[in-house]
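> One structure, pasted below without further comment.
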Ligand code: SAT
Ligand code: MN
């Protein structure tokens, strides 16, 4: 409601409808489009229907222009090289806009770095927005994308409409969300999440366009308006900045909706694991970007008799039902995964997912029309020439990276060989365990179990990880990433923790909460745990806990598995239990101090008393080690 003049007289007479029937759209959608046509002045309006025909039309156009190149070795696969200045999320330009500042960010203490989200005042943002979006689509087509986050028609799903002047974004939205006219039928006269995106290059565009990827890196700005359920994004075509259904809607806006409606919108994979006895458990797991969520969601178990099936690899929407079960859906329709490191050994299921109908962004291309990136060297013939993401020629053994560290594959989830048969179940799947984790080279054991829901929320609030390539940060350092949500928080993090704590109500089957660390190294820098498919061994233990078959030993930071309780048969020579589970007192004293400092300074007076209590108790336990 900051844009009071959103009640408009459509000027549509002046702008041709290139495709679709404007007048058949729900009235609220018509009004939304009309307002932004008037404001952004595109040369035409293209109302998307999600059909194959539409995809081919757009692909043809993008290939003619040079934005997409076919990967001849695969069926219906394409490669896209962006402007090298537009390759990751831009957290420093990502804002939440509310009248009350403290609805968005906590009452932090002096010295706070403001890491828990950026706030801007609506009037100030209006000035920033007007200077960018006014006439920003001049000479460009405006695509109207109706999409559903979650199975179309599920009670747990939500509908959005995205406007964009990028047809690359349209293609990726088709893979990552459910784009269909059915969405409009179901929507009817209800409200929807408004998503407005522009590459910020109105015509005539006088600046040099690099790689046929017009963008506007100096002016990138993302604004979220939780009260209006609206997102505006300018200047970037990179996934997290432009596929607005993903982080912007499904996490930042949805976390606001979830708080209001009593559910959870989280940065979590969802997997179903079936033990050799045939019992299935569903697990949701939160890790910061680029920590292997996709690998865990599609884990290829190294223990015999286990079956893993993927429900989602990045986002979970979870709500307690009337039976007290926590039901989760994956609001997405595809995978937007980190390419480097993915290969037939590390993640065969992800590999199989993108052998057709996929888009690869900022990876390299082999002379035979196959993709290439770091981690695929074993499959690369010695004399095969590769064109890097920057367009340079490269051969095996030569120095330099062929692909950007945040290069991505975008593929339909339905193509994953182990996609769960319930992945589109409108009722979701019942979650029995929640897992937090990060990249923690030292000090943090392979796995521990929280003592209680409240302790588990504190463990989630204390998540840290080595910095990621998914955002603009340079170099490696350990950063706080509470609940793996720091870059995606939609409101005051203290209130968010209160909301999590409020989930503990009588009659509810609360999931057990775990913390894992696949990334501990020894003093030589060598990983102490093999990871990947062997992570099933840790999941096996968790499932035994869930069915009451495994015992624990309490430690100051949580319950540890009894020595030998994790099945390491066949990898005994690689695994040194005592080293993997050691809790160096100095490390934990320092860690507890640093975590308290972070939460006290960044969350300040909004830190729930219950979390404070958990911190105090944990500090006491550590001091007594
Ligand atoms: O870069 S994205 O936001 O699209 C993916 C991620 O960071 O998890
Ligand atoms: Mn993610």
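Residue numbers (full-length UniProt numbering): 11 to 635.
By construction, the Cβ of each residue, glycine as well, lies at the ideal position given by its N, Cα and C atoms.
Note that the structure is a prediction, hence the values are computed from the model and not measured.
Counting C-beta neighbours from all protein chains within 10 Å, is the total for residue 357 16 or more, i.e. buried, or is it exposed?
In summary, residue 357 is buried, with 16 or more beta-carbon neighbours lying within 10 Å of its beta-carbon over all protein chains present.
> For residue 605, report the span of its alpha helix (DSSP H) as first-last.
Looking at the DSSP string, the run of the alpha helix (DSSP H) that includes residue 605 is 595-613.
> Assuming residue 521 and residue 336 make a contact with CB atoms under 8 Å, what is their CB distance in whole Å?
In this structure, residue 521 and residue 336 form a Cβ contact; the two beta carbons are roughly 6 Å apart against a cut-off of 8 Å.
> Rounded to a whole number of angstroms, what is the C-alpha to C-alpha distance between residue 97 and residue 175?
About 18 Å.
> For residue 262, verify whether its CB is less than 8 Å away from any heavy atom of ligand 1.
no
> Which value, in whole angstroms, describes the spacing of the CA atoms of residue 395 and residue 403?
Spanning the alpha carbons of residue 395 and residue 403 requires a straight line of approximately 7 Å.
> What are the uninterrupted segments assigned as alpha helix (DSSP H) that are 4 or more residues long and contained completely in the region 152-231, given in chain order?
177-186, 191-197
> What are the residues that DSSP puts in a beta bridge with residue 418?
348, 371
> Tell me, please, whether the region 221-237 touches the region 190-197 by the rule of three or more beta-carbon pairs shorter than 8 Å.
Here the region 221-237 makes no contact with the region 190-197; the two share fewer than three CB pairs at distances below 8 Å.
> With distances taken between CB atoms, is the gap from residue 254 to residue 211 smaller than 9 Å?
no
> Nearest by alpha-carbon distance to residue 126: which of 616, 628, 627, 623 is it?
616
> How far does the alpha helix (DSSP H) with residue 587 in it reach, from first residue to last?
Counting along the chain, the alpha helix (DSSP H) containing residue 587 begins and ends at 587-591.
> According to DSSP, is residue 327 part of a helix, a strand, or is it coil?
DSSP places residue 327 in strand when its eight states are reduced to three.
> Do residue 612 and residue 103 come within 9 Å of each other at the CB atom, strictly closer than that value?
no
> For a minimum of 4 consecutive residues, which ranges assigned as the alpha helix (DSSP H) are wholly contained in the region 29-55?
Runs found: 37-50.
> If you measure from the beta carbon of residue 169 to each beta carbon in chain C, is any gap under 9 Å?
Absent from the structure: chain C. Only one protein chain is present.
> Residues around ligand 2, please: the ones whose beta-carbon is closer than 5 Å to some heavy atom of it, in chain order.
299, 324
> Taking residue 114 as part of the beta strand (DSSP E), name the residues at either end of that continuous run.
Per DSSP, residue 114 belongs to no beta strand (DSSP E); it is in the alpha helix (DSSP H), 111-114.
> Check whether the Cβ of residue 10 sits closer than 8 Å to any heavy atom of ligand 1, and report yes or no.
This structure does not reach residue 10, given that the chain is present from 11 up to 635, and the question cannot be answered.
> For residue 424 and residue 59, what's the separation of their Cα atoms in angstroms?
20 Å
> Checking the sheet assignment: what are the DSSP bridge partners for residue 100?
Note: residue 100 sits in no beta bridge, so no partner.
> Taking the alpha carbon of residue 543 as the point to measure from, which residue in 119, 359, 374 has its own alpha carbon closest?
Cα-wise, what sits closest to residue 543 is 359.
> The alpha helix (DSSP H) with residue 25 in it runs from where to where?
That residue, residue 25, is in no alpha helix (DSSP H); it is neither H nor E in DSSP.
> Locate the beta strand (DSSP E) running through residue 564, then write down its first and last residues.
562-565
> Look up residue 11 in the DSSP assignment and say whether it is helix, strand or coil.
Residue placement at residue 11 is flagged as unreliable, the pLDDT there being 35, under the threshold of 50; a coordinate-derived value is accordingly withheld.
> If you measure from the CB of residue 256, is any heavy atom of ligand 1 nearer than 8 Å?
yes
> Whole-angstrom Cβ separation of residue 353 and residue 454, contact assumed at under 8 Å?
No, residue 353 and residue 454 are not in contact; Cβ-Cβ is about 27 Å, not under 8 Å.
> Drop a sphere of 10 angstroms on the beta-carbon of residue 224, count the other beta-carbons inside from all chains shown, and report buried for 16 or more, exposed for fewer.
buried
> Is residue 75 near ligand 1, going by C-beta to nearest heavy atom under 8 Å?
No; taking the cut-off as 8 Å, the Cβ of residue 75 has no heavy atom of ligand 1 nearer than that.
> For residue 379, which residues of its own chain have a beta-carbon under 7 Å away from its beta-carbon, when the five flanking residues on both sides are left out?
Correct list, in chain order: 81, 82, 83.
> If you reduce the DSSP assignment to three classes, tell me which class residue 542 lands in.
Helix, per DSSP.
> Please classify residue 397: does DSSP put it in a helix, a strand, or coil?
strand
> Under the three-state reduction of DSSP, which class applies to residue 276: helix, strand or coil?
DSSP, read as helix, strand or coil, puts residue 276 in strand.
> Residue 316 and residue 546 - do their beta-carbons sit closer together than 9 Å?
yes
> Would you call the region 428-443 in contact with the region 374-394, where contact means no fewer than 3 C-beta pairs closer than 8 Å?
The region 428-443 and the region 374-394 do not touch, with fewer than 3 CB-CB distances between them shorter than 8 Å.
> Using the three-state DSSP reduction, which class does residue 303 fall into: helix, strand or coil?
helix
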